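This note's numbering applies: residue 185 is where the sequence shown begins, and numbers increase by one.
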Amino acid sequence: MKTRPASQTGEYAALAAVAADWMERVWRRRDLAAIGELHAPEFMDRSPAGRDPGPAAYAAGVAELFAAFPDFEAVTDDLVVDTATATVAIRWTATGTHRGDFLGAAPTGRRITFRGIEIIRIAGGRITERWGEWDGLDLLDQLGAAGAFDQGEYA
185 MKTRPASQTG EYAALAAVAA DWMERVWRRR DLAAIGELHA PEFMDRSPAG
235 RDPGPAAYAA GVAELFAAFP DFEAVTDDLV VDTATATVAI RWTATGTHRG
285 DFLGAAPTGR RITFRGIEII RIAGGRITER WGEWDGLDLL DQLGAAGAFD
335 QGEYA
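Encoded structure:
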């Protein structure tokens, strides 16, 4: 009996579609309402950066990012689906212009580019968990604030 490759299964396509929609609506279009639509009520941010791990705090953190970089836009570089765990890994690159306070750095007007990786777990067509990592030191360096990090101000 032949089996179809995972990339051709309905489950694979459904997981990939949720992840692609999340990247497009939230991270390219900056549609904050999409967070409530795409995240499950029990959503947990496993990389909360000192915030509460729940959905409201996550949405507030995203809003702060968008306020600091009002033209923020992330594009998907790679998207990898694991149907066995219902997770999707997304490697992304983001750009934006620093127009508001961010991580203690006053607006610089500088255009930045930074990269990161997200892993999201999906159940019932909605995101239930998120793990995310991005190169914060590189971003602070681009904002001219990496020296403050070296002196322990961001510890």
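The C-beta atom is built at its ideal place from N, Cα and C for all residues, glycine as well.
Fair warning: this is a prediction, and the values are worked out from it, not measured in the lab.
- With contact defined as three or more Cβ pairs closer than 8 Å, the region 229–244 and the region 253–264 are not in contact.
- Per DSSP, reduced to three states, the secondary structure at F256 is coil, with no helix or strand assignment.
- The Cβ atoms of W206 and I311 lie closer than 9 Å to each other.
- Taking G308 as reference, the option from E317, E248, H223, R314 with the minimal CA-CA separation is H223.
- Residue pairing from DSSP places V264 in a beta bridge opposite A273.
- If you draw a straight line from the Cα of F250 to the Cα of F298, it is about 14 Å long.
- For G300, the enclosing beta strand (DSSP E) has its first and last residue at 295–307.
- Of the residues assessed, D229 falls on the buried side of the cut-off, its CB having 16 or more other CB atoms within 10 angstroms.
- Under the DSSP assignment, D229 falls in the beta strand (DSSP E) whose first and last residues are 223–229.
- In this chain, E208 is not harboured by any beta strand (DSSP E), its DSSP state being neither H nor E.
- DSSP places G316 inside the beta strand (DSSP E), whose first and last residues are 310–318.
- Three or more pairs of CB atoms, one per stretch, sit closer than 8 Å, so the region 267–283 contacts the region 202–220.
- A direct Cα-to-Cα measurement between P254 and H282 gives close to 8 Å.
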